[in-house]
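What follows is one structure encoded as structure tokens, with my remarks underneath.
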Amino acid sequence: MARLGGDEFVILADETQTPAQAADFVDKLLIQLNAPIQLNEHAIHPAASIGISIYPDDGDTAEDLIRHADIAMYSAKAAGSNQWSFFKQQMTERAAVRLRTEASLHDALKNNEFLLYFQPKFDLNTHKVVGCEALIRWQKDGRLISPMSFIPVAEETGIIIPIGRWVIEQSCKVIREWQRKYNYAIPIAVNVASQQFADASLVPDIKQLAIRYQISPELLEVEITETSLMNDVEQAIIKLEQLKTAGFGIAVDDFGTGYSSLSYLRHLPITTMKIDRAFVSDLPKDSAIASTILMLGQQLDLSIVAEGIENDEQLQWLKNNNCVIGQGFFFSEPLPLEEFEQQFISAKTAEILHI
Ligand code: C2E
Ligand code: MG
Ligand code: MG
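Heads up, the numbering used here is the position in the sequence shown plus 95, with the first residue counted as 1.
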């Protein structure tokens with residue numbers, strides 16, 4: 096074993112004969128690595144991502160094998176914590192795209208290339224707008240790039256921290272502007288990435304920005320995916336507790352896609368659960384998961400938001416099953432600030448009329 100640098104290590108498993116044995120080997124390795132370590136009063140839960148390249152299929156020099164294992168490692172990391180992955184040729188193309196994106200992301204903040212779109216959330220019964228979600232876009236060479244293609248790279252490289260901070264600050268500024276111009280504002284939900292949630296400066300940053308822009312904390316909600324919360328539940332509880340005590344809203348995003356242990360969920364000081372779009376799109380035919388989440392929300396006294404409502408059948412099913420809030424193209428796509436403001440803020444009591 097050798098240390099490549101930072102937190103990266105290389106293992107030469109020269110007794111391994113087949114890919115199956117390699118998989119077996121890394122499975123065992125991960126189990127051993129995951130054993131909790133006691134550091135003074137803290138229990139540390141180490142995790143790792145592993146990429147595997149095989150000689151001679153994936154290269155016949157050490158450089159090639161290490162480079163390919165590294166690419167496979169990024170792919171494993173993108174799949175979540177504690178995963179491993181074999182190198183595949185098509186990963187090199189993705190790695191090249193990642194490198195190019197990474198290089199231009201560095202300048203994007205400085206060059207003001209990001210902007211926020213806003214998508215309204217509605218009360219499904221009254222059709223009144225009750226809040227909105229801020230969704231980042233990257234304007235590059237005249238094109239709008241979707242967050243799905245650059246947020247994962249921003250996460251891998253750590254640039255997500257300043258980008259995420261920009262999103263929060265920008266949202267505070269928008270609320271401040273609405274209040275100044277219309278004496279009216281609705282809550283904005285911002286997405287917080289996994290790595291950003293793990294960063295120690297998140298909670299103090301949010302508090303400080305709310306004070307600086309004189310935002311009442313109920314007007315700011317953080318959306319954290321179920322998977323990021325489950326990465327380190329103990330830390331998550333501490334941070335969420337601080338945010339909740341300060342009065343900020345807390346939503347679990349993409350609920351149903353992770354593997355939350357229900358016993359933990361009970362202890363998380365959250366205010367809202369968002370049913371992932373995948374389960375809403377199954378409605379009304381396949382409703383088992385949506386029903387279960389709605390029931391769970393009622394039991395835990397949480398507000399439930401259905402994401403990605405695209406048609407009337409879905410809307411009717413959700414209304415009949417006591418889902419109160421919804422979001423989706425059926426009501427409105429995410430809109431640029433000016434349009435959103437004109438449609439939903441300037442009238443002060445916005446509702447959607449065409450449904
Ligand atoms: P998300 O937080 O679950 O956001 C909802 C996504 O679903 C948005 O995609 C939205 O445009 C889309 N959507 C809403 N209604 C519908 C619908 O009816 N049908 C369909 N097909 N899609 C719908 P978007 O804006 O491309 O964002 C994708 C993801 O990127 C977000 O998923 C979120 O995870 C991430 N993201 C967006 N903005 C930020 C950000 O500022 N910071 C971080 N960390 N992540 C962000
Ligand atoms: Mg979200
Ligand atoms: Mg979501």
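Don't be surprised by glycine CBs; every beta carbon is placed ideally from N, CA and C. Predicted model only: the values in this text are computed from it and were never measured.
Does any heavy atom of ligand 3 sit closer than 7 Å to the C-beta of Asp109?
No, the Cβ of Asp109 stays beyond 7 Å of every heavy atom of ligand 3.
Return yes when at least one heavy atom of ligand 1 lies under 7 Å from the C-beta of Pro257, else no.
No, Cβ of Pro257 sits at least 7 Å from all heavy atoms of ligand 1.
Within its chain, find whatever has a CB closer than 6 Å to the CB of His163; leave out the 5 residues flanking it on each side and keep chain order.
In chain order, Ser148, Asp153, Gly154, Phe182 place their CB closer than 6 Å to the CB of His163, counting only its own chain and leaving out the 5 sequence neighbours on each side.
If you compare alpha carbons, which of Thr156, Met168, Ala115, Lys172 is closest to Pro247?
When only C-alpha atoms are compared, the closest one is Lys172.
At 4 residues or longer, what runs of the alpha helix (DSSP H) sit wholly inside the segment 112–142?
DSSP runs (the alpha helix (DSSP H)) wholly in the segment 112–142: 114–128.
Can you tell me where the alpha helix (DSSP H) with Asp159 in it begins and where it stops?
Its alpha helix (DSSP H) spans residues 157–173.
Please state the DSSP three-state secondary structure of Ile257.
Here residue 257 turns out to be Pro, not Ile, going by the sequence shown. In the structure shown, Pro257 adopts helical secondary structure according to DSSP, grouped into three states.
Host beta strand (DSSP E) of Pro215 (start-end):
209–218 is the extent of the beta strand (DSSP E) around Pro215.
Is the Cβ-Cβ distance between Gln290 and Ile333 less than 8 Å?
The answer is no: Cβ separation not under 8 Å.
Excluding the 5 residues preceding and the 5 following Phe435 in the sequence, name in chain order all residues of the same chain whose CB lies nearer than 6 Å to its CB.
Apart from sequence neighbours up to five positions away, the residues of its chain that approach Phe435 with a beta-carbon distance below 6 Å are Phe213, ordered along the chain.
Note down, in chain order, each residue of its chain lying with its Cβ closer than 8 Å to the Cβ of Ala108, except the 5 sequence neighbours on either side.
Once the five neighbours on either side are set aside, the close Cβ partners of Ala108 are Ala117, Phe120.
Within 10 angstroms of the Cβ of Tyr277, are there 16 or more other Cβ atoms? Answer buried if so, exposed if not.
That one is exposed.
Is Glu405 close to ligand 1? I mean its beta-carbon at under 7 Å from any heavy atom of the ligand.
Distances taken from the Cβ of Glu405 to the heavy atoms of ligand 1 include one shorter than 7 Å.
Determine the DSSP secondary structure at Arg238, reduced to helix, strand or coil.
Reduced to three states, the DSSP call for Arg238 is strand.
I'd like to know whether the C-beta atoms of Glu318 and Lys369 end up nearer to each other than 8 Å.
Closer than 8 Å, so yes.
Mind checking which residues open and close the alpha helix (DSSP H) that includes Thr340?
First-last of the alpha helix (DSSP H) with Thr340: 328–341.
Boundaries (first-last residue) of the alpha helix (DSSP H) holding Met96:
Membership of Met96 in any alpha helix (DSSP H) is not indicated, and neither H nor E is assigned to it by DSSP.
If you follow the alpha helix (DSSP H) that Ala145 is part of, which residue opens it and which one closes it?
The amino acid at residue 145 is misidentified as Ala; the sequence shows Ile. Counting along the chain, Ile145 falls outside any alpha helix (DSSP H), though it belongs to the beta strand (DSSP E) covering 145–147.
Mind reading off the beta-carbon distance from Gly351 to Asp371? Whole number of angstroms is fine, and I expect it under 8 Å.
Asp371 and Gly351 do touch by the CB rule: their CB atoms are close to 5 Å apart, below 8 Å.
What residue range does the beta strand (DSSP E) around Ile384 cover?
Looking at the DSSP string, Ile384 is not in any beta strand (DSSP E); the run it does join, the alpha helix (DSSP H), is 383–394.
Can you give me the start and stop residues for the beta strand (DSSP E) that Ala346 sits inside?
Ala346: member of the beta strand (DSSP E) spanning 344–350, first to last residue.
Is it right to say Pro151 is buried, meaning 16 or more other beta carbons lie within 10 angstroms of its own, or is it exposed?
Exposed: under 16 other Cβ atoms inside 10 Å.
If I measure Cβ to Cβ from Arg232 and keep anything under 6 Å in the same chain, skipping five residues before and after, which residues do I get?
Same-chain partners within the cutoff: Leu210, Tyr212, Leu239.
How many angstroms separate the CA atom of Asn135 from the CA atom of Ala167?
A straight line joining the alpha-carbon of Asn135 with that of Ala167 spans about 35 Å.
Distance, Cα to Cα, Glu402 vs Ala97?
Here the C-alpha atom of Glu402 lies approximately 46 Å from the C-alpha atom of Ala97.
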